[in-house]
């Protein structure tokens with residue numbers, strides 16, 4: 046089960062990174078940086094949240110002693 050949680054968190058992280066790239070690419074294509082800061086800030090915040098969730102999961106998973114081991 047923890048592997049599925051880790052996989053889900055990694056998928057969220059990949060998705061957030063993809064969204065950051067899309068925001069930057071669309072701003073470059075449109076040459077309209079006006080809304081770029083807020084959109085990029087939101088995308089980066091989502092990515093950081095996903096990264097923190099993954100880090101927290103990995104720390105708790107590694108810190109939990111396994112029974113029978």
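Numbering (the working numbering), first residue to last: 46 to 114. Heads up, the beta-carbon is just placed ideally off N, CA and C, and yes, glycines get one too.
Check, Outcome
"Expected contact under 8 Å - CB spacing of residue 88 and residue 61 to nearest Å", "7 Å"
"Other residues of its chain near residue 94: CB distance less than 8 Å, five sequence neighbours each side excluded", "61"
"Minimum Cβ-Cβ distance from residue 90 to chain C less than 9 Å", "Any reference to chain C falls outside this structure, which holds one protein chain only."
"Beta-carbon proximity check, residue 45 vs residue 68, cutoff 9 Å", "A query on residue 45 cannot be resolved here, the shown segment of the chain reaching from 46 to 114 and no further."
"Per-residue burial, residue 63 [other beta carbons within 10 Å of its own, 16 or more giving buried]", "exposed"
"Beta-carbon gap between residue 54 and residue 102 smaller than 9 Å", "yes"
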